[in-house]
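Under numbering that gives the first Met the number 0, residues 0 to 410 are what the sequence shown spells out, in order.
All residues carry an ideal CB built from backbone N, CA and C; glycine is no exception.
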Amino acid sequence: MAIRLQDYEQIVGREEIAELSAFAERVRNKRLQNINSTAVGGGVAEILTRLVPLLGELGIEATWDVIKGDQAFFNITKAFHNALHGHPEEITREMLDHFQANTEANLGSLDLNGDVIVVHDPQPAGLILKKKEIGRRWIWRCHIDVSSPNPEVWNFLRPLVDQYDASVFSMPDFARDLAIPQYMVPPSIDPLSDKNKPLSQDTIQDVLDKYELDSTRPILTQISRFDRLKDPLGVIAAYRLVKRNYDCQLLLAGGGAPDDPEGEVVLREVQEAAASDPDIHVCLLPPFSDLEINALVRGSTVVMQKSIKEGFGLTVSEALWKKKPVVGGRVGGIKLQILNGVTGFLVHSPEGAARRTMQLLANPGLRQTMGENGHLHVKQNFLLTRHLKDYLFLMLSLDHPDEDIVQFYQA
Ligand code: UDP
Numbered sequence: 000m001a002i003r004l005q006d007y008e009q010i011v012g013r014e015e016i017a018e019l020s021a022f023a024e025r026v027r028n029k030r031l032q033n034i035n036s037t038a039v040g041g042g043v044a045e046i047l048t049r050l051v052p053l054l055g056e057l058g059i060e061a062t063w064d065v066i067k068g069d070q071a072f073f074n075i076t077k078a079f080h081n082a083l084h085g086h087p088e089e090i091t092r093e094m095l096d097h098f099q100a101n102t103e104a105n106l107g108s109l110d111l112n113g114d115v116i117v118v119h120d121p122q123p124a125g126l127i128l129k130k131k132e133i134g135r136r137w138i139w140r141c142h143i144d145v146s147s148p149n150p151e152v153w154n155f156l157r158p159l160v161d162q163y164d165a166s167v168f169s170m171p172d173f174a175r176d177l178a179i180p181q182y183m184v185p186p187s188i189d190p191l192s193d194k195n196k197p198l199s200q201d202t203i204q205d206v207l208d209k210y211e212l213d214s215t216r217p218i219l220t221q222i223s224r225f226d227r228l229k230d231p232l233g234v235i236a237a238y239r240l241v242k243r244n245y246d247c248q249l250l251l252a253g254g255g256a257p258d259d260p261e262g263e264v265v266l267r268e269v270q271e272a273a274a275s276d277p278d279i280h281v282c283l284l285p286p287f288s289d290l291e292i293n294a295l296v297r298g299s300t301v302v303m304q305k306s307i308k309e310g311f312g313l314t315v316s317e318a319l320w321k322k323k324p325v326v327g328g329r330v331g332g333i334k335l336q337i338l339n340g341v342t343g344f345l346v347h348s349p350e351g352a353a354r355r356t357m358q359l360l361a362n363p364g365l366r367q368t369m370g371e372n373g374h375l376h377v378k379q380n381f382l383l384t385r386h387l388k389d390y391l392f393l394m395l396s397l398d399h400p401d402e403d404i405v406q407f408y409q410a
């Protein structure tokens with residue numbers, strides 16, 4: 000179903016939408032082109048799927064292109080991704096050369112036609128080489144936690160990043176020493192998408208039945224790509240500790256992403272770790288399982304996001320919006336979303352996750368209060384309408400590169 004801006008009035012109010020339209024007037028004549036490395040799977044694709052059509056609703060011609068790459072390229076960029084998150088990885092000259100060759104190939108095939116070109120994450124970062132030839136305004140939007148990167152990869156990336164007009168990070172903790180302006184724009188969720196819209200109790204029950212989950216016993220859930228940085232084995236360890244005291248179930252559900260070649264191996268590790276326990280449900284979800292994910296989260300008792308490193312972790316806001324308390328790793332953007340003891344609990348270890356989960360299972364009133372708090376926190380900070388406004392501000396600021404103050408309202 001087509002998305003209409005007016006539909007968001009019921010959630011954020013008429014004034015908020017009117018304000019968006021007023022700001023959009025100022026940048027309506029610009030084309031905004033987004034470029035990333037996958038059309039499905041992961042948070043960036045999730046964001047662009049919703050943001051691009053709504054920018055169109057605001058009268059801004061927004062487009063989205065995806066770079067191409069072979070298996071070797073995505074193996075390399077996954078190693079970069081892990082290394083930028085601070086994980087030790089061996090980075091060879093050959094890898095850097097292949098990255099550059101892949102960039103050249105994409106420069107030959109991509110139509111870089113935006114007035115403003117937003118390049119997401121490291122995979123397509125090299126496209127900036129085209130700026131010398133075509134000009135335009137270029138933004139590098141980094142969705143990952145680069146606060147303590149492997150220096151080899153960062154030193155390779157930084158000369159590229161410094162050629163952009165501006166950079167965007169999800170939170171101040173990730174800011175780097177760069178020659179260009181840095182904007183802080185956290186991601187967002189769409190409250191009207193299939194992933195987040197309200198569902199009937201019957202629909203929720205049907206999906207729980209389909210996945211053979213028992214709604215009469217507590218369900219602990221983590222929705223994530225099968226990625227070691229999401230710590231699925233740590234979640235299983237936490238569940239095993241909880242299971243000593245509570246007859247609960249664990250759901251680990253997630254799919255893959257074409258730009259993440261490690262998914263299959265990690266899924267096998269998780270399946271092996273879960274094999275002996277019929278109450279651990281490991282589900283490989285196909286792309287576009289949004290309604291089912293929505294129902295699975297709504298049917299859960301506690302949601303977990305026990306990441307070891309995290310850019311933002313959209314799954315946290317998705318759960319909080321559904322009034323579920325979240326137990327999450329004290330890392331990256333999870334810290335923006337889980338206000339410890341208010342919207343959920345921040346933890347460092349499987350033991351901590353188990354302790355906090357048991358505290359929540361023991362106390363339905365606490366779950367409810369945290370759920371309400373979480374919903375409000377997301378409403379105030381992490382909805383798509385706020386994100387749209389940040390994009391409009393960003394486009395406008397790029398037109399005034401040397402001004403400290405930019406006036407948004409025109410008299
Ligand atoms: N997601 C999904 N299907 C899956 C697993 C995850 O649609 O099988 C979605 C999830 O609901 C969220 C996004 O993918 O919207 C993941 O974003 P997040 O920021 O949590 O993590 P990332 O994968 O980008 O590291």
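Proximity test, residue i beta-carbon vs the ligand UDP heavy atom, cut-off 6 Å
i: Leu284; result: yes
i: Glu45; result: yes
i: Gly373; result: no
i: Gly351; result: no
i: Gly68; result: no
i: Phe311; result: yes
i: Gly298; result: no
i: Gly253; result: yes
i: Arg224; result: yes
i: Thr76; result: no
i: Thr48; result: no
i: Thr314; result: yes
i: Gly343; result: no
i: Gly327; result: no
i: Gly431; result: Residue 431 is absent from the structure shown; the chain starts at 0 and stops at 410.
i: Gly42; result: yes
Endpoints, the beta strand (DSSP E) within which residue i is located
i: Ala165; result: Ala165 to Phe168
i: Leu126; result: That residue, Leu126, is in no beta strand (DSSP E); it is neither H nor E in DSSP.
i: Ile218; result: Ile218 to Ile222
i: Tyr7; result: Where Tyr7 is concerned, there is no enclosing beta strand (DSSP E), given that its DSSP letter is neither H nor E.
i: Gln162; result: Careful: Gln162 lies outside any beta strand (DSSP E) and carries neither H nor E.
Distance between beta carbons of residue j and residue i, contact taken as under 8 Å
i: Asp230; j: Glu261; result: Actually they are not in contact, since the Cβ atoms of Asp230 and Glu261 sit about 14 Å apart, beyond 8 Å.
i: Ile116; j: Ile34; result: 7 Å
i: Leu240; j: Val301; result: The Cβ separation is near 13 Å, so there is no contact.
i: Pro121; j: Leu156; result: 6 Å
i: Leu159; j: Ile179; result: So it is not a contact: roughly 11 Å between Cβ atoms.
i: Gly312; j: Pro285; result: So it is not a contact: roughly 22 Å between Cβ atoms.
i: Pro197; j: Trp320; result: About 10 Å; that fails the 8 Å criterion.
i: Leu250; j: Thr220; result: 4 Å
i: Ala252; j: Leu295; result: 6 Å
Continuous alpha helix (DSSP H) stretch holding residue i: start and end
i: Leu383; result: Leu383 to Leu397
i: Gln367; result: Pro363 to Asn380
i: Ile203; result: Gln200 to Lys209
Exercise. Please list the segments of the beta strand (DSSP E) lying wholly inside the region 238–309, counting only runs of 3 or more residues, in order along the chain.
Key: If we require 3 residues or more, the beta strand (DSSP E) runs fully inside the region 238–309 come out as 248–253, 279–283 and 301–304.
Quiz item: Do the region 380–392 and the region 50–59 meet, that is, are 3 or more Cβ pairs less than 8 Å apart?
Solution: yes
Practice problem: Could you name each continuous alpha helix (DSSP H) segment of 4 residues or more that falls completely within the region 22–87, going from the start of the chain to the end? | Solution: Secondary structure remark: continuous alpha helix (DSSP H) runs of at least 4 residues inside the region 22–87, in chain order: 42–56 and 70–83.
Quiz item: How about the region 249–260 and the region 330–338: do they share at least three Cβ pairs that are nearer than 8 Å?
Solution: Too few Cβ pairs lie closer than 8 Å, so no.
Quiz item: Which residue spans inside the region 102–153 form an unbroken alpha helix (DSSP H) run of at least 4?
Solution: 130–133
Quiz item: Would you call the region 17–35 and the region 197–209 in contact, with 3 or more CB pairs under 8 Å?
Solution: The region 17–35, when compared against the region 197–209, does not touch it at the 8 Å Cβ threshold.
Quiz item: Enumerated in chain order, which unbroken segments of the alpha helix (DSSP H) with a length of 4 residues or greater are wholly contained in the region 315–351?
Solution: 333–336
Exercise. Would you check if the region 129–149 and the region 69–89 touch, i.e. whether three or more CB-CB distances between them fall below 8 Å?
Key: yes
Quiz item: Is the region 308–328 touching the region 370–384 in the sense that three or more CB pairs, one from each, lie closer than 8 Å?
Solution: yes
Exercise. Flag this pair as touching only if the region 58–70 and the region 282–300 have three or more C-beta atom pairs under 8 Å; answer yes or no.
Key: no
Practice problem: Would you be able to state if there are at least three C-beta pairs under 8 Å between the region 180–192 and the region 274–286? | Solution: no
Self-check item: Contact the region 129–139 vs the region 107–114: 3+ CB pairs below 8 Å
Solution: yes
Quiz item: Does the region 189–206 come within contact of the region 234–248, defined as at least 3 CB pairs closer than 8 Å?
Solution: no
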